[in-house]
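Here the sequence shown stands for residues -17 to -1, 1 to 385, where the numbers follow mature numbering (1 follows the signal peptide of the UniProt record, and there is no 0). All residues carry an ideal CB built from backbone N, CA and C; glycine is no exception.
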Amino acid sequence: MSTFAAFIVTTALIVTACGGSNDDGGTASAGPIKIGVATSVTGHSASLVGMTAPVAEAWAKYANELGGIGGHEVEIVIGDTKADPAAGLTVARQLVQRDKVSAVIVADSTAEAPVLEYLEKSGVPVLGLSYAPGAVGKLSNLYAATTAAETYVPAVVTAAKSHGVKKLGNVYCAESPICAGVSDVYSAASEKLGIEYDSGPKVTSSAPDYTAECLQLIDMKVDEIQLDLSPVPGSRVAEACIRQGYAGVFGTTTASFNQDSMSKVKGVTFIGPINSFPWWIDHPGVKAFNDAMSKHAGKTVTRTPVATSTWVQLELLRKALDGTDVADVSPAGVKKALSGVKDETLGGLLPQPLTFTENGPQPKINCFWMAEYTAGDASPKLLPAQGESGNGETGELASTCL
């Protein structure tokens, strides 16, 4: 049994011994540790990252049932960044100045730039989910446990190659500047792997119809349409293209590999990389996630890498603080605890081992998993890892690295 699997089992046994059905939890000491969640609860990014906040709240209930973390009860403080940079900055200031949080999860590609800048200047640790290329590996306070954003596009092309795709075209979001900059990266990655690439149209998530864009993509004679969109508009584009006679597969980018949204387009196959652990496999850590979501998350969509990313970021913090009563849960105290993370994979739930440093910048993850899902199937399936496993796993959790 892996170290983290043993960690999961041991903490579960502790809960059982203390009366695991008691929602009042274990022996968390006075003075909570507050974790902020700066995410798009509303706005155009909500369909992509809207589950971040309720998943964090569900994790907090799970952690508190285990006695909290570092001897402290966990409190989640949510701020709606609204997919708007100005709103995001307001949220960041409130979380730091008013709510006195110890760390922040940031999940909003449109609003994150000023949020990350402010949190770095404030010395508050960020628990990943950044979608900005170059942020991880540059910011000293960004502790990411999922695949770096600049790896997303090469990972998409790697998954396409693994599936036998010959020509790739994409449709991308008009709302975020990050979407607009991907064409050159696709071109370079496709050329390297021997796949033809043709840049497709940009669309808005609120467009009433995508017929013209689908006809353009069909005329390009692509056998994969890459959906560089949030899950809801991505599914609408897929439906529109199928109606126009498209017969190829659809590609997703990490966080948009959303099983609930994809399942609505019956019979269609989606392929793509995922930047956090697969939620459908048999593994103690995955079971802990699914059990906690079933118990605490209600009807929240959790079959997506955004949900599993939120979970591993918080579990990494719990692991860093586990085993000791930490008196200092200030941002500086949390950063010190995180700097003690060495060669950690959370039992295979991370795509590569992580070692954080005291002064940063922190390392970025260039490994990922690849998955395929045909709408209507009970679960996705993992595509075989390419090359040597990035996280040392030999079974389903073996990851692919660039």
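For C162, same chain residues with a beta-carbon under 6 Å away, outside a window of 5 residues either side, are Y155, C156, D211 in chain order. Note that the stretch 126 to 134 touches the stretch 287 to 304; at least 3 beta-carbon pairs, one per stretch, sit closer than 8 Å.
Using a Cβ distance threshold of 9 Å, A354 and P363 count as a contacting pair. Taking the Cα of I59 as reference, the smallest distance to any Cα among K249, G164, A39, V309 is reached at A39. As DSSP reads the structure, N124 sits in no beta bridge. Membership of K278 in the alpha helix (DSSP H) is indicated by the continuous run 267 to 279. Within 10 angstroms of the beta-carbon of K347 lie 16 or more other beta-carbons, which makes it buried. Taking the Cα of D360 as reference, the smallest distance to any Cα among D243, E327, A320 is reached at D243.
As DSSP reads the structure, K364 sits in a beta bridge with E355.
Burial check for Q80: the Cβ neighbour count within 10 Å stays below 16, so the residue is exposed. A residue is called buried when at least 16 other Cβ atoms come within 10 angstroms of its Cβ; D67 meets this threshold and is buried. In the same chain as T293, and ignoring 5 residues on each side of it, the C-beta atoms closer than 6 Å to its own belong to T35, V38, A39, in chain order. In the DSSP assignment, P256 falls within the beta strand (DSSP E) that extends over 252 to 257. In the three-state reduction of the DSSP assignment, A36 falls in the helix class, which pools H, G and I.
Under the 8 Å Cβ criterion, the stretch 12 to 32 counts as touching the stretch 47 to 62, having at least three qualifying pairs. Look at N153 here: in three-state DSSP terms it is strand.
For D243, the uninterrupted alpha helix (DSSP H) segment begins and ends at 242 to 245.
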